[in-house]
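Student: Take a look at this one; I'll ask things after.
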Amino acid sequence: MSEGEARNSFEGFMKAIGRAIDGPTTWFRKQVVEPNQKHYPWYHQKFRRVPTIDECYTDDAVCIFEANQQYRRDRLVDSEILTILRERFSDCVVYETPDHVEKCSGLFKEYEDAAGYWFTKYGDLGAYHDAQTAYMKQKHRMIWERRHGPVGSGMNGKKVDPDAQGD
Amino acid sequence: MTLLSKLRPLVKFLPTAQKSAVHRPMSDHRIFPMQPSRWQWNKFKDLVHFYLFLGIIPCSLFVGGMNLFVGPATLSEIPEDYTPKHWEYYKNPVTRLLARYVLTNPQQEYEKYCTYLFIEQEKIKLRELESKIMEKMDERVDYQAYYFRPVSTAKYYRIIREGSADIEDLEDPIPKEQ
Numbered sequence: 001m002s003e004g005e006a007r008n009s010f011e012g013f014m015k016a017i018g019r020a021i022d023g024p025t026t027w028f029r030k031q032v033v034e035p036n037q038k039h040y041p042w043y044h045q046k047f048r049r050v051p052t053i054d055e056c057y058t059d060d061a062v063c064i065f066e067a068n069q070q071y072r073r074d075r076l077v078d079s080e081i082l083t084i085l086r087e088r089f090s091d092c093v094v095y096e097t098p099d100h101v102e103k104c105s106g107l108f109k110e111y112e113d114a115a116g117y118w119f120t121k122y123g124d125l126g127a128y129h130d131a132q133t134a135y136m137k138q139k140h141r142m143i144w145e146r147r148h149g150p151v152g153s154g155m156n157g158k159k160v161d162p163d164a165q166g167d
Numbered sequence: 001m002t003l004l005s006k007l008r009p010l011v012k013f014l015p016t017a018q019k020s021a022v023h024r025p026m027s028d029h030r031i032f033p034m035q036p037s038r039w040q041w042n043k044f045k046d047l048v049h050f051y052l053f054l055g056i057i058p059c060s061l062f063v064g065g066m067n068l069f070v071g072p073a074t075l076s077e078i079p080e081d082y083t084p085k086h087w088e089y090y091k092n093p094v095t096r097l098l099a100r101y102v103l104t105n106p107q108q109e110y111e112k113y114c115t116y117l118f119i120e121q122e123k124i125k126l127r128e129l130e131s132k133i134m135e136k137m138d139e140r141v142d143y144q145a146y147y148f149r150p151v152s153t154a155k156y157y158r159i160i161r162e163g164s165a166d167i168e169d170l171e172d173p174i175p176k177e178q
């Protein structure tokens, strides 16, 4: 609500209703709730990094379990980052329409790139997959890239000579 | 209603006999009234009262009190050289209370599961080793230790000795003078 005098009787009436609701609420909050409340912190949990799946021995079940748990946590974090980027873009579209094509294309590009990277790492792995599956996918992708160039360009017949690239 | 009660004294002068003649309790057709069952409705009211007074009201009082007099925590960076307790990762006071006093420590559960995995892995390794040894012994047929089952004769000897001592006691209960 804008501050200052009401411009007409209707606005005055609406402001009176607003005061009648907001006044007691604010008074209760300031006088009763806030003096009684305690101040104490809460923290975002930070997990220590454990060895990843490529550093585990194949018969070390504990190491594999911990690598899998870390992989799950990493995937959750990456998905949340993606969600934040997507929400930024959709909020921009809601706010900037009808100029959203010019103003939000940067955000859209950012989101699309991030989603592409996310899918490169986690995509097409099925519902039940773990760190080992993702690691194998990464290995296959890197071999493919060495032979055919960056993912997404298609095979298009011409093979890259692996010796010429030096890896 | 006040008007009716003002009119009431006017009825008083009617003779008693005349009044009692109005109602004659002689042969009333008193029957059990037939009506639909109210049992489910009464049960419903019972349940509403039960859950309201024993569930909803105490819970709301507790949660409201916690939110009024304790309030939510403020998000802050973890200080240096300090490991937060596991309930300090939650914002809401009720959640913190539950995490602290009702639920177990997530890290403890995690490490318990790691230990379980480790022990099972050790068992798997031992079984694999055992089967390898059996295979080798089958293959070479030069070693019988695995198939040798020692018979513990000492155990049965002790049992028989104790039994015979008991029998001797029965035959001659009075201990001999030395």
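So the sequences go chain by chain: A and B.
Anchor point for the first sequence: position 16 equals 16 in the UniProt record's numbering, and the numbering is continuous, going up by one each time.
Anchor point for the second sequence: position 124 equals 124 in the UniProt record's numbering, and the numbering is continuous, going up by one each time.
By construction, the Cβ of each residue, glycine as well, lies at the ideal position given by its N, Cα and C atoms.
Bear in mind the structure is a predicted one, so any value in this text is a computation, not a measurement.
1. Any chance the stretch 74-93 of chain B sits against the stretch 32-46 of chain A, with 3 or more Cβ pairs inside 8 Å?
2. Show which residues of chain A have a CB atom less than 9 Å away from the CB atom of V70/B.
3. Can you have a look at P93/B and say buried or exposed, based on whether 16 or more other CB atoms are within 10 angstroms of its CB?
4. Using a Cβ cut-off of 7 Å, pull out every chain B residue sitting near Q45/A, in sequence order please.
5. For S19/A, does the count of other Cβ atoms within 10 angstroms reach 16, so buried, or fall short, so exposed?
6. Let me know the beta strand (DSSP E) ranges lying completely inside the stretch 30-100 of chain B, each 3 residues or longer, listed in chain order.
7. Who are the Cβ neighbours of A115/A in its own chain at under 7 Å, not counting the five residues just before and after it?
8. Would you say V62/A faces chain B, with C-beta separation under 8 Å as the test?
9. Would D59/A and K125/B be called neighbours here (beta carbons separated by less than 8 Å)?
10. Starting from L129/B, trace the alpha helix (DSSP H) in both directions and tell me its first and last residue.
11. Buried or exposed for D81/B, please, with buried defined as at least 16 other CB atoms from any protein chain shown within 10 angstroms of its CB.
12. What residues from the stretch 112-128 of chain B come within 9 Å of chain A, judged by C-beta to C-beta, listed N to C?
13. Using 8 Å as the Cβ pair cut-off and three pairs as the minimum, do the stretch 81-98 of chain A and the stretch 136-151 of chain A touch?
14. Using the Cα positions of D99/A and S90/A, report the straight-line distance between them to the nearest angstrom.
15. For W42/A, list the residues DSSP reports as bridge partners.
16. Mind checking whether A99/B and Y40/A have CB atoms under 8 Å apart?
17. Kindly indicate which residue of I21/A, E66/A, R146/A, G4/A has the alpha-carbon position closest to the one of Q117/B.
18. Is the beta carbon of Y135/A sitting closer than 8 Å to the one on I53/A?
19. Is DSSP giving P150/A helix, strand or coil here?
20. By DSSP, does Q37/A sit in helix, in strand, or in coil?
21. Is any beta-carbon of chain A found at less than 8 Å from that of I167/B?
22. By how many angstroms is the C-alpha of S131/B removed from the C-alpha of N105/B?
23. G166/A to Q132/A, Cα distance in whole Å?
24. In three-state DSSP terms, what is I160/B?
25. Under the three-state reduction of DSSP, which class applies to M142/A: helix, strand or coil?
26. For T63/A, count neighbouring C-beta atoms within 10 Å of its own C-beta (all shown protein chains included) and say buried if the count is 16 or more, exposed if not.
27. Looking at chain B, is there any beta carbon in it that lies within less than 8 Å of the beta carbon of V50/A?
28. Would you verify that the beta carbon of A73/B is, or is not, closer than 8 Å to some beta carbon of chain A?
Tutor: A quick look at the data gives this:
1. yes
2. N36, Q37, K38, Y40
3. buried
4. Y89
5. A quick correction: the sequence has Arg, not Ser, at residue 19/A. Per the 10 Å Cβ criterion, exposed.
6. none
7. L82
8. At least one chain B Cβ lies under 8 Å of V62/A.
9. Contact flag set, yes.
10. 106-140
11. exposed
12. Y113, C114, T115, L117, F118, E120, Q121, I124, K125
13. no
14. Each residue's Cα considered, the two are about 13 Å apart.
15. L75/B
16. The answer is no: Cβ separation not under 8 Å.
17. Correcting the residue identity first, residue 117/B is Leu in this sequence and not Gln. Comparing alpha-carbon positions, the option among I21/A, E66/A, R146/A, G4/A lying closest to L117/B turns out to be E66/A.
18. yes
19. coil
20. Residue state, collapsed to three classes: coil.
21. no
22. 39 Å
23. For G166/A, the predicted model reports a pLDDT of 46, less than 50, meaning its position is unreliable; a value from the coordinates is still stated below. Spanning the two alpha carbons is a distance of roughly 27 Å.
24. Three-state result, I160/B: helix.
25. helix
26. With the sequence shown as reference, residue 63/A is identified as Cys, and Thr is not the correct amino acid for it. With 16 or more Cβ atoms within 10 Å of its Cβ, C63/A is classed as buried.
27. no
28. yes
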